[in-house]
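Colleague: Protein chains in written order, with this note's numbering: chain A, 1 to 160; chain E, 1 to 411; chain F, 1 to 262.
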């Protein structure tokens with residue numbers, strides 16, 4: 001019995017070594033993607049804007065889902081719109097620009113959330129409804145733009 | 001009690017090609033249903049015929065049919081346990097199995113049609129108890145547990161004294177459940193075709209009628225396949241009961257429409273459903289009333305046909321057809337007729353206000369609905385194979401031995 | 001760089017001042033443009049009241065009850081300004097007319113068969129005080145906020161569409177296909193139900209709903225937004241001074257949206 005167990009464990013260990021050792025293709029591919037040269041692939045999320053996140057990296061890694069869940073109930077039901085744990089603010093800070101300088105959506109693997117979530121194979125439900133990148137247009141509109149927008153709206157209505 | 005105590009023997013159904021063949025066919029249909037559900041969830045409901053005016057379509061017709069029939073099929077067991085009718089007692093186990101199977105099939109269709117079926121956990125843990133829909137979710141899942149308990153006390157000999165109280169509990173639970181299903185429509189004040197207290201008792205009658213029809217079809221089919229005797233007296237008895245239930249359904253339907261016809265406010269929707277609404281009057285008069293109501297009643301009561309098993313089985317099939325048509329007219333016809341927001345005015349907008357909404361059912365919807373039916377039948381088939389649900393014989397002399405013979409034996 | 005942290009109030013005040021400044025500048029620009037384009041006699045009364053802004057960390061209360069007053073007599077036949085404004089604000093297509101396309105607000109044309117009189121008015125979620133959609137939602141996703149705005153919590157919505165069956169105004173839409181690039185302040189997604197939010201993201205900042213703003217700036221000025229709980233608000237004064245009705249008043253839903261000249 002004991003020797004059989006040893007054989008099984010030995011076999012599994014051999015597979016593990018073979019996977020990462022003499023057959024470097026897999027680890028090389030992951031290394032290229034994550035920018036690591038070690039054997040164990042780790043995600044490398046892009047840095048956000050500014051000096052630091054709204055809370056410790058460690059805290060955020062473990063608890064970001066909990067604080068987002070709590071915040072969303074507060075915002076939707078109570079109208080509390082504090083910025084610290086607002087999803088919109090997270091996305092504003094953690095936007096990753098693509099090749100054209102425009103922030104990428106969640107479709108792109110470079111998206112901040114995907115860099116860890118792809119690795120952990122935890123699907124992100126938020127972006128079925130939420131925008132995954134900051135809205136570059138409508139929110140902060142200068143007076144001239146606002147006037148133009150308004151006139152366009154009126155003209156669109158009149159020509160119907 | 002002058003009856004001889006004939007012991008009913010239950011036996012699993014046989015295996016072999018007669019089991020695996022139909023099971024494979026049902027399995028294929030279930031796969032079609034699952035694929036349809038995935039297709040609808042992945043691409044969104046735009047691939048279906050449902051829209052912002054007709055929000056519930058063919059999947060809901062099938063789902064509500066299965067759920068309503070599930071509640072009614074248990075009636076066969078209730079007649080035995082609660083009302084003490086001896087000939088019904090041997091059929092109680094199969095009745096319980098069918099209740100669980102049909103409800104599971106119906107709930108599966110309902111859940112898989114949700115816009116967010118991945119949020120089933122939310123639906124099962126977060127309740128707004130002002131919603132009759134929430135109550136239904138709670139009642140349906142509770143029903144599964146209660147019928148399982150009911151089957152346990154029916155099938156475990158030492159628990160048989162409990163079959164009457166558990167039977168009562170199950171009876172009351174399903175009356176509440178089915179009234180709740182009817183009230184899903186009856187409590188909608190917004191729509192001309194709903195907003196009626198009579199929807200609750202109508203659905204009770206519908207459940208009794210559809211449940212018994214399904215039971216007749218299943219018990220007749222399985223007895224034929226297995227070569228087990230099904231007494232023509234018993235079958236005729238079930239048939240006559242079916243006729244009474246179908247008559248009650250016709251009665252409540254008549255009262256519902258006559259009441260609406262009496263108020264000018266409802267003339268529009270009644271004209272639409274009963275006269276000029278295209279497919280809806282056709283389904284109502286031809287399929288629901290004639291084929292699904294009057295013809296089966298004639299078949300089960302007319303002296304020439306009342307004792308023929310073929311006629312009884314045909315009547316059951318017709319009742320099922322009529323029930324599907326009735327649910328189609330209620331669910332889809334009720335949504336097709338526009339809301340009356342400005343009484344007396346002609347209304348027009350880009351959002352289909354003021355017009356009859358058109359509905360063309362799509363293939364994924366049928367796939368899902370039929371998949372649910374197949375799931376229900378597959379559960380029944382597997383259940384009958386694994387456990388002893390079906391009596392060895394349902395011959396007249398076995399289930400309902402005549403008292404004279406017993407006295408002669410005793411003498 | 002945004003200072004993210006616990007110092008909320010100075011930011012909010014800054015934002016308000018910015019909005020006030022830009023709003024005044026905009027008014028100047030708009031009235032210059034509008035003088036040429038707008039019909040004579042239209043009063044831009046929508047900007048009369050300034051709702052005080054609730055601090056971001058404070059929960060909403062029933063102190064205010066937000067409502068709208070729509071004068072169908074001022075609503076232009078063929079004008080779609082409110083619909084276009086809402087569509088632009090929230091990211092849906094105002095021109096789409098298939099049964100699966102969402103409409104948070106729509107123009108309804110009425111015609112009296114007795115005499116042929118025609119009227120037009122915008123129709124949206126009526127934000128009832130006793131909303132049937134809230135009653136029937138199995139998970140409680142459809143809910144009424146303390147200040148009267150009826151919303152769908154899309155995190156809890158399972159997409160059963162029962163609220164759409166129950167709504168007496170057909171105000172709700174179901175999202176029938178996957179969406180992309182939603183507006184950050186108006187999340188909407190496949191498989192959930194949505195409807196007019198009375199621009200709750202604007203109201204929480206002390207602004208007007210987009211439709212009311214568009215109607216006031218560029219069209220007939222038929223829509224007025226305000227606090228029904230405040231007897232001194234413009235909307236309350238008008239409701240007290242002339243006859244207004246709720247649509248389907250017989251259902252006794254006490255809607256937040258009232259109409260005149262239907």
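Using N, Cα and C, we set each Cβ at its ideal position, and we do this for glycine too. Note that the coordinates shown come from a computational prediction; the quantities given were computed from them, not determined experimentally.
1. DSSP three-state label for residue 90 of chain A, please.
2. In chain F, what lies closer than 9 Å to residue 51 of chain E by C-beta?
3. Identify the contact partners of residue 44 of chain E in chain F, using a Cβ-Cβ distance below 8 Å as the criterion.
4. What are the boundary residues of the beta strand (DSSP E) that includes residue 346 of chain E?
5. Can you list, in chain order, the residues of its chain with a C-beta nearer than 6 Å to that of residue 115 of chain A? Leave out the 5 residues immediately preceding and following it.
6. Taking the runs of the alpha helix (DSSP H) that are 4 residues or longer, which of them lie wholly in the region 157 to 226 of chain F?
7. At 7 Å on the CB atoms, spell out the chain E contacts of residue 137 of chain F, in chain order.
8. Of the residues F/222, F/69, F/158 and F/198, which one's Cα is nearest the Cα of residue 245 of chain F?
9. What residue from A/123, A/4, A/90 and A/132 has the CA that sits closest to residue 106 of chain A's CA?
10. Please decide whether residue 109 of chain F counts as near chain E, where near means a Cβ-Cβ distance under 8 Å.
11. Interface residues of chain F around residue 100 of chain A at Cβ under 8 Å?
12. Under the rule that 16 or more other beta-carbon atoms within 10 Å means buried, what is residue 97 of chain A, buried or exposed?
13. Can you tell me which of A/109, A/80, A/85 and A/3 puts its alpha carbon nearest to the alpha carbon of residue 60 of chain A?
14. Give me whichever residues DSSP pairs with residue 66 of chain F in a beta bridge.
15. According to DSSP, is residue 31 of chain A helix, strand or coil?
16. Keeping to the same chain, check which residues put their C-beta closer than 6 Å to that of residue 391 of chain E; ignore five residues upstream and five downstream.
17. From residue 327 of chain E to residue 140 of chain E, what does the alpha carbon distance come to, in whole angstroms?
18. Taking 8 Å as the threshold (C-beta atoms), are residue 158 of chain F and residue 122 of chain E in contact?
19. Terminal residues of the continuous alpha helix (DSSP H) containing residue 113 of chain F?
20. Go ahead and pull the three-state DSSP assignment for residue 7 of chain E.
21. Sorted by chain position, which residues of the same chain lie with C-beta nearer than 7 Å to residue 178 of chain F's C-beta, five sequence neighbours on each side aside?
22. List, in order along the chain, the chain E residues whose C-beta lies closer than 7 Å to that of residue 248 of chain F?
23. Any residues in the region 63 to 80 of chain F with a beta carbon nearer than 9 Å to a beta carbon of chain A? Which ones, in chain order?
24. Touching or not, the region 236 to 246 of chain E and the region 287 to 301 of chain E, by the rule of three or more beta carbon pairs under 8 Å?
25. For the beta strand (DSSP E) that contains residue 259 of chain F, what are its first and last residues?
26. Counting pairs of beta carbons, one from the region 57 to 64 of chain E and one from the region 361 to 379 of chain E, are three or more of them closer than 8 Å?
27. Of all the beta strand (DSSP E) runs that stay within the bounds of the region 330 to 378 of chain E, which reach a length of 3 or more residues?
28. Using DSSP with H/G/I as helix, E/B as strand and the rest coil, what is residue 120 of chain F?
29. Quick one: give me the first and last residue of the beta strand (DSSP E) that residue 290 of chain E is part of.
30. I want to verify the contact list: residues of chain A whose CB lies under 8 Å from the CB of residue 59 of chain F, in sequence order.
31. Just the C-alpha distance for residue 254 of chain F and residue 65 of chain F, rounded to the nearest angstrom, thanks.
32. Tell me where the beta strand (DSSP E) around residue 144 of chain F begins and ends.
33. What three-state label does DSSP hand residue 105 of chain F in the structure shown?
34. I need the boundaries of the alpha helix (DSSP H) containing residue 313 of chain E, first residue and last residue.
35. Mind listing the chain F neighbours of residue 105 of chain A? Cutoff is C-beta to C-beta under 8 Å, in chain order.
36. For residue 183 of chain F, I'd like the list of residues in its chain whose CB is within less than 8 Å of its CB, leaving aside the five on either flank, ordered along the chain.
Modeller: Per the coordinate set shown:
1. Residue 90 of chain A sits in a helix when the DSSP states are folded into three classes.
2. Neighbours of residue 51 of chain E in chain F, taken as residues whose beta carbon is under 9 Å from its own, are 98, 99, 100, 101, 174 and 176 in chain order.
3. The contacting residues are 175, 176, 177, 178, 190 and 191.
4. That run of the beta strand (DSSP E) goes 346 to 349.
5. Excluding sequence neighbours, residue 115 of chain A sits near 43 and 45.
6. The DSSP assignment places 162 to 166, 200 to 203 and 210 to 218 as complete runs of the alpha helix (DSSP H) inside the region 157 to 226 of chain F, in order along the chain (cut-off: 4 residues).
7. Per Cβ cutoff of 7 Å: 128 and 131.
8. Per the Cα distances, F/69.
9. The candidate whose alpha carbon is nearest that of residue 106 of chain A is A/132.
10. Chain E contact via Cβ: present.
11. Neighbours of residue 100 of chain A in chain F, taken as residues whose beta carbon is under 8 Å from its own, are absent, since the nearest beta carbon is some 15 Å off.
12. Residue 97 of chain A comes out exposed.
13. When the alpha-carbon of residue 60 of chain A is set against those of A/109, A/80, A/85 and A/3, the nearest one is in A/85.
14. Beta-bridge analysis with DSSP links residue 66 of chain F to F/227.
15. Low confidence applies to residue 31 of chain A: its pLDDT is 49, below 50, so where it sits in the model is not reliable enough to give any reading.
16. Beyond the five residues adjoining it in sequence on each side, residue 391 of chain E comes within less than 6 Å, by CB distance, of 8, 10 and 90 in the same chain, given in chain order.
17. For the pair residue 327 of chain E and residue 140 of chain E, the Cα-to-Cα distance works out to about 19 Å.
18. Between residue 122 of chain E and residue 158 of chain F, the CB-CB gap stays under 8 Å.
19. Counting along the chain, residue 113 of chain F falls outside any alpha helix (DSSP H), and DSSP gives it neither H nor E.
20. Note: residue 7 of chain E maps to coil in three-state DSSP.
21. Same-chain partners within the cutoff: 190.
22. Here the neighbours are 341.
23. For the region 63 to 80 of chain F, residues whose beta-carbon sits nearer than 9 Å to a beta-carbon of chain A comprise 76, 78, 79 and 80.
24. Contact between the region 236 to 246 of chain E and the region 287 to 301 of chain E is present, with at least three C-beta pairs closer than 8 Å.
25. For residue 259 of chain F, the enclosing beta strand (DSSP E) has its first and last residue at 257 to 260.
26. Using a Cβ-Cβ distance cut-off of 8 Å, the region 57 to 64 of chain E and the region 361 to 379 of chain E are in contact, since at least three pairs of beta carbons, one from each stretch, lie closer than that value.
27. Counting whole runs of 3 or more residues, the region 330 to 378 of chain E contains the beta strand (DSSP E) stretches 346 to 349.
28. The DSSP-derived three-state label of residue 120 of chain F is strand.
29. Premise fails: residue 290 of chain E is in no beta strand (DSSP E) and is neither H nor E.
30. Simply 74, 78, 79 and 80.
31. Their Cα atoms are separated by approximately 12 Å.
32. Element bounds for residue 144 of chain F: 142 to 144.
33. In this structure, DSSP gives residue 105 of chain F an extended state, which the three-state scheme calls strand.
34. From DSSP, the alpha helix (DSSP H) with residue 313 of chain E extends over 309 to 328.
35. Below the 8 Å Cβ cutoff, chain F contributes 180 and 181 as neighbours of residue 105 of chain A, in chain order.
36. So the qualifying residues of the chain are 89, 90 and 91.
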